[in-house]
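J.:
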Amino acid sequence: MQESAILGYLPILIFFALAVAIGGGMVVVSTFLGRKNPNPEKISTYECGMVPFKDARQRFDVRFYLVAMLFILFDIEVVFLYPWAVLFTRFDPVIFGFVEMLLFIFVLLFGYIYVLRKGALDWS
Amino acid sequence: MGLESILFYYFAIVIVATAALAVSRRNPVYAVLFLLPCLVHIAGLWLFLGAEFLAAIQIIIYTGAIMVLYLFVIFILDLGSFRTKRIIHQQKSLAIAGGLALIVQLVVLTIASTFPGPFGPPQEVVSGGNTQAVGGVLYTDFLFPFELASLVLLVAIFGAVVLARKESEETSS
Amino acid sequence: MLNILVPDFRVIAPELILVGTTFAIILWEMITRTRRHVGSVLLATVGTIIALAVTAGLSQLNISTFGDSVVLDPFASFFKMIFLLGLLLTIAISSRYIDEGEVREHAEYYALLILAVVGMMVLATGRELVTLFLGLELMSMSLYILAGIFKTDPRSNEASMKYFILGSFATGFMLFGMSYIYGMTGSTHLRVIGRVISENPGLLANKGLLLGLFMLLVGFAFKISAVPFHQWTPDVYEGAPTSVTAFMAAGPKAAAFAALIRVLMEALPQMKGDWELLFTILAVVTMTLANLVALSQDSVKRMLAYSSIAHVGYILIGFVASVGGHADRAFSAVMFYLLAYTFMNTGAFAILIFLTSRGFHAGHPWAPWQCSFFCSHWRGFPPRQVSQPSCLYSTLPSRGSTIFWSSSASLTARSPRIIISGSSSTCT
Numbered sequence: 000m001q002e003s004a005i006l007g008y009l010p011i012l013i014f015f016a017l018a019v020a021i022g023g024g025m026v027v028v029s030t031f032l033g034r035k036n037p038n039p040e041k042i043s044t045y046e047c048g049m050v051p052f053k054d055a056r057q058r059f060d061v062r063f064y065l066v067a068m069l070f071i072l073f074d075i076e077v078v079f080l081y082p083w084a085v086l087f088t089r090f091d092p093v094i095f096g097f098v099e100m101l102l103f104i105f106v107l108l109f110g111y112i113y114v115l116r117k118g119a120l121d122w123s
Numbered sequence: 000m001g002l003e004s005i006l007f008y009y010f011a012i013v014i015v016a017t018a019a020l021a022v023s024r025r026n027p028v029y030a031v032l033f034l035l036p037c038l039v040h041i042a043g044l045w046l047f048l049g050a051e052f053l054a055a056i057q058i059i060i061y062t063g064a065i066m067v068l069y070l071f072v073i074f075i076l077d078l079g080s081f082r083t084k085r086i087i088h089q090q091k092s093l094a095i096a097g098g099l100a101l102i103v104q105l106v107v108l109t110i111a112s113t114f115p116g117p118f119g120p121p122q123e124v125v126s127g128g129n130t131q132a133v134g135g136v137l138y139t140d141f142l143f144p145f146e147l148a149s150l151v152l153l154v155a156i157f158g159a160v161v162l163a164r165k166e167s168e169e170t171s172s
Numbered sequence: 000m001l002n003i004l005v006p007d008f009r010v011i012a013p014e015l016i017l018v019g020t021t022f023a024i025i026l027w028e029m030i031t032r033t034r035r036h037v038g039s040v041l042l043a044t045v046g047t048i049i050a051l052a053v054t055a056g057l058s059q060l061n062i063s064t065f066g067d068s069v070v071l072d073p074f075a076s077f078f079k080m081i082f083l084l085g086l087l088l089t090i091a092i093s094s095r096y097i098d099e100g101e102v103r104e105h106a107e108y109y110a111l112l113i114l115a116v117v118g119m120m121v122l123a124t125g126r127e128l129v130t131l132f133l134g135l136e137l138m139s140m141s142l143y144i145l146a147g148i149f150k151t152d153p154r155s156n157e158a159s160m161k162y163f164i165l166g167s168f169a170t171g172f173m174l175f176g177m178s179y180i181y182g183m184t185g186s187t188h189l190r191v192i193g194r195v196i197s198e199n200p201g202l203l204a205n206k207g208l209l210l211g212l213f214m215l216l217v218g219f220a221f222k223i224s225a226v227p228f229h230q231w232t233p234d235v236y237e238g239a240p241t242s243v244t245a246f247m248a249a250g251p252k253a254a255a256f257a258a259l260i261r262v263l264m265e266a267l268p269q270m271k272g273d274w275e276l277l278f279t280i281l282a283v284v285t286m287t288l289a290n291l292v293a294l295s296q297d298s299v300k301r302m303l304a305y306s307s308i309a310h311v312g313y314i315l316i317g318f319v320a321s322v323g324g325h326a327d328r329a330f331s332a333v334m335f336y337l338l339a340y341t342f343m344n345t346g347a348f349a350i351l352i353f354l355t356s357r358g359f360h361a362g363h364p365w366a367p368w369q370c371s372f373f374c375s376h377w378r379g380f381p382p383r384q385v386s387q388p389s390c391l392y393s394t395l396p397s398r399g400s401t402i403f404w405s406s407s408a409s410l411t412a413r414s415p416r417i418i419i420s421g422s423s424s425t426c427t
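Protein chains in written order, with numbering that gives the first Met the number 0: chain A, 0 to 123; chain B, 0 to 172; chain C, 0 to 427.
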């Protein structure tokens, strides 16, 4: 049973293979069959719209990092919630199962209030 | 060689190759982008063990959240100045020798060892899928580490706020 | 049905008190928004003292809970008291120093110190690999942040960054080793691992288990900064705020030693032959190299860092000696050494903080005397020779050669240090 676990995903693999084949096929076919008459205007990065005026590789504000970091932390918290929710009715004294998750969430809720209070998410 | 072995070697080779590319690229953005297929294929390896939950987590956390974080970190760095510099100076040969010795040792010892076989979670826990199996041990036997994990996350929150808040204040003032 | 048992909260009572203290400190700061340190210092001190009292009160118990993944025995209680003592000393030397360093996040500073101690306590009480790992992470993550808490000082940033990157790398090795040990024995509980190995002697010949032990030791050797894995120590100790360095040099090392002793004695005692050799090499190399390199340092903090590495070498002799059949005596010598080391080392850094703000000449007349008192631990002042060599010589007949090598290396390695510290105390 362990050994054949992956074979249950064969349809998904075939689906991926088809997706790659169709997507890649379109690109390949259009490279060979498409008409090409390039001119400088046509191959510029933005054919219409604003003219690029500056290198895009500039430093971002560190607050983006802070938001991404906090997103990961609370993402992980939610991941822990998922199997707990699936199993909830099977905990023997159900109230203990409830309390243990309550403690976990309380600690992170404390962290969340801390983040808000410190103004780490203010964007002014 | 059955279909399964072919699939396994496909995943294994892609993981090793993309990991090597991620380490060797000079441009950090390329390195991170090579990490992406690496992490996705690791999720594939989880499926070999019947660990669907872990595969899903791998995709959600690593290829979702952590990749975004890596990219943000790279955007925060000033890349223009650092792409041209060599990071490792004189210790390259020493590092290569040490790394090779470690790899040889790992490979030799791993080949020489025999593995008793996969240990699943206790049978009474497994009824349903991998999610139930993970949860079944996580919220009972491993309750203490589980609660500790919340403290580790709390420390990470403190760290993110304490260390990253400085610059935002400096730029605003 | 998934049975959840009510844990015995006595086992983790000091940890719970400390976590509560952390919340109280942060909450107090969030409510008052004060920039004064008094509240945080007071709360931290009170919490630590209560935890110390509770630990002392429970120190005679020998109970385990959470399915034998956490244990409270006299061994754990002793280490908990070392950590709490170290925390108390660190809080005492921090308040002025952190204030002068213009750290605005003082509440977080104390909260992280305390959470690091919670991690250390978990390391001393954990009897299960996942628990030990999370305790280690809790401790290390707090230390990474604390090392960088002087945010305007580039060297502090560098220390934090270096410690974080190398520390995560070491953690990776350790996890790899743990997964091999799990893969070989099918359990993460230390005592179950020990039982499985003793029931299946064939496992000892299995190279996978050896690889697991090896990788686990790499991770631990990094955390205690034994010599081939010590490279981070001088840079981090130099760059981190001195109060944090004092804290880092004592408690976390003791915690890593505690976890190491427990893993070796409860899970892998059958592999004595393998780890004896590894510890002999580590001890000899660590003592020799650290003492020699310490001589050529021009920063006091770097020299103290190498001194702490050398101490690790002396402590590792205890691990070699434990193989001879008197493991309890060898490890009680290690524990005593760690207690003395915590006190003397924190004292040395406290004097350093005092002197950097005042200087010898304008300072207190007692400062040079205190300095030479705390430096006297390099010469082995607390009479640990009384405990340690006696246990070494008691095992001499059986383990003659390795003990000879490591103890003679200890003596030769210590001699330049004796000269240095002797001359420093005569200078003052």
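All residues carry an ideal CB built from backbone N, CA and C; glycine is no exception. Computed from a predicted structure; not experimentally measured.
Between A/R46 and B/I75, what straight-line distance do the alpha-carbon atoms span, to the nearest angstrom?
T.: Note on residue identity: the sequence assigns Glu, not Arg, to residue 46 of chain A. Answer to the nearest angstrom: the Cα atoms are 29 Å apart.
J.: Just to make sure I have the definition right: I need the residues of chain A whose C-beta is within less than 7 Å of the C-beta of C/F22. Which are they?
T.: By Cβ distance, chain A contributes F109.
J.: Would you please verify whether the beta carbon of C/A339 is less than 9 Å from any beta carbon of chain B?
T.: Chain B contact via Cβ: absent.
J.: For A/A84, count the other beta carbons within 10 Å of its own beta carbon; 16 or more makes it buried, fewer makes it exposed. Which is it?
T.: When all chains shown are included, A/A84 counts as exposed.
J.: Would you mind stating whether C/I49 and C/I113 have Cβ atoms separated by less than 9 Å?
T.: No, Cβ-Cβ distance for C/I49 and C/I113 is not below 9 Å.
J.: Hey, could you find the ends of the alpha helix (DSSP H) A/L6 is sitting in?
T.: Run containing A/L6: none; DSSP gives neither H nor E here.
J.: Return no unless some Cβ of chain E is closer than 9 Å to the Cβ of B/Y9.
T.: Among the protein chains in the structure shown, which are A, B and C, there is no chain E.
J.: So, helix, strand or coil for A/V90, using DSSP?
T.: As written in the sequence, residue 90 of chain A is Phe, which differs from the Val given in the question. Here A/F90 sits in strand by DSSP.
J.: Please give the ranges of any beta strand (DSSP E) in the region 39-73 of chain C, keeping only runs that are unbroken, at least 3 residues long and fully inside the region.
T.: Taking only runs of at least 3 residues, the beta strand (DSSP E) segments lying wholly in the region 39-73 of chain C are 62-64 and 69-71.
J.: Taking the beta carbon of A/V27 as the centre, do at least 16 other beta carbons fall within 10 Å, making it buried, or is it exposed?
T.: Burial call: exposed.
J.: Could you compute how far the alpha carbon of C/S386 sits from the alpha carbon of C/I92?
T.: The predicted position of C/S386 is uncertain, since its pLDDT is 43 and thus under 50; no value can be drawn from it.
J.: Given a threshold of 16 other Cβ atoms within 10 Å of its Cβ, counted over all protein chains shown, does C/D297 qualify as buried or as exposed?
T.: Burial call: exposed.
J.: Could you tell me whether the Cβ of C/S405 comes closer than 9 Å to any Cβ of chain A?
T.: Reliability of the predicted coordinates at C/S405 is poor, the pLDDT of 49 falling under 50, and no value is obtained from them.
J.: I think C/F132 touches C/M177, with their Cβ atoms under 8 Å apart; what is that distance to the nearest whole Å?
T.: Their Cβ separation, rounded to whole angstroms, is 7 Å, which keeps C/F132 and C/M177 in contact under 8 Å.
J.: Counting C-beta neighbours from all protein chains within 10 Å, is the total for C/S197 16 or more, i.e. buried, or is it exposed?
T.: Exposed, since its Cβ has fewer than 16 Cβ neighbours within 10 Å.
J.: Looking at chain A, which residues of the region 130-147 of chain C have a Cβ within less than 9 Å of any of its Cβ atoms?
T.: For the region 130-147 of chain C, which is checked against every Cβ of chain A, not one residue is closer than 9 Å.
J.: List, in chain order, every chain C residue whose beta-carbon is nearer than 9 Å to that of B/L99.
T.: Those do not exist, as B/L99 stays about 16 Å from chain C at its closest Cβ, beyond 9 Å.
J.: I'd like to confirm the pairing. Which residues does DSSP put opposite C/L1 in its beta bridges?
T.: According to DSSP, which records beta bridges pairwise, C/L1 is partnered with A/F90.
J.: Should C/E265 and C/V117 be called a contact, given that it needs their Cβ atoms to be closer than 9 Å?
T.: The answer is no: Cβ separation not under 9 Å.
J.: The alpha helix (DSSP H) spanning C/V102 covers which residue range?
T.: Counting along the chain, C/V102 falls outside any alpha helix (DSSP H), and DSSP gives it neither H nor E.
J.: To the nearest angstrom, report how far apart C/R154 and C/A347 are at their CA atoms.
T.: C-alpha separation (whole angstroms): 21 Å.
J.: How is the alpha helix (DSSP H) around C/P227 delimited, first residue to last?
T.: Looking at the DSSP string, C/P227 is not in any alpha helix (DSSP H), and its letter there is neither H nor E.
J.: Within the continuous alpha helix (DSSP H) that includes B/G134, where are the two ends?
T.: Segment N129 to L137, the alpha helix (DSSP H) holding B/G134.
J.: Buried or exposed: where does B/I5 fall if 16 or more other Cβ atoms within 10 Å of its Cβ makes it buried?
T.: Exposed.
J.: Answer with buried or exposed for B/D140, where buried requires no fewer than 16 other C-beta atoms within 10 angstroms of its C-beta.
T.: It counts as buried.
J.: Residues in the same chain with beta-carbon distance under 6 Å from C/Q59, minus the five sequence neighbours each way, listed in chain order, please.
T.: Same-chain partners within the cutoff: there are none.
J.: For the region 234-247 of chain C and the region 95-109 of chain C, state whether three or more C-beta atom pairs, one from each stretch, are separated by less than 8 Å.
T.: The answer is yes - the region 95-109 of chain C touches the region 234-247 of chain C, with three or more Cβ pairs under 8 Å.
J.: Does the Cβ of C/S141 have 16 or more other Cβ atoms within 10 Å, making it buried, or fewer, making it exposed?
T.: That one is buried.
J.: For A/T30, count the other beta carbons within 10 Å of its own beta carbon; 16 or more makes it buried, fewer makes it exposed. Which is it?
T.: The residue is exposed, with fewer than 16 neighbouring Cβ atoms inside 10 Å.
J.: Contact check, C/I81 vs C/A225 under 8 Å by CB: the rounded distance?
T.: That pair is no contact at about 19 Å.
J.: Determine whether the beta carbon atoms of C/F65 and B/L70 lie at a separation below 9 Å.
T.: No, they are not a contact pair.
J.: Please give the ranges of any alpha helix (DSSP H) in the region 168-201 of chain C, keeping only runs that are unbroken, at least 4 residues long and fully inside the region.
T.: Listed in chain order, the complete alpha helix (DSSP H) runs (minimum 4 residues) inside the region 168-201 of chain C are 189-198.
J.: What number of angstroms, rounded off, separates the C-alpha of A/I71 from the C-alpha of B/I65?
T.: So the two alpha carbons sit approximately 7 Å from each other.
J.: A/E46 by DSSP, collapsed to three states: which one?
T.: Coil.
J.: Take C/I223 and list the residues in its own chain whose beta-carbon comes closer than 7 Å to its own, dropping the five residues that flank it on each side.
T.: Counting only Cβ-Cβ distances below 7 Å, and skipping sequence neighbours, we find K252, A255, F256 and V311.
J.: Counting only C-beta atoms, is C/V117 closer than 9 Å to chain B at any point?
T.: At least one chain B Cβ lies under 9 Å of C/V117.
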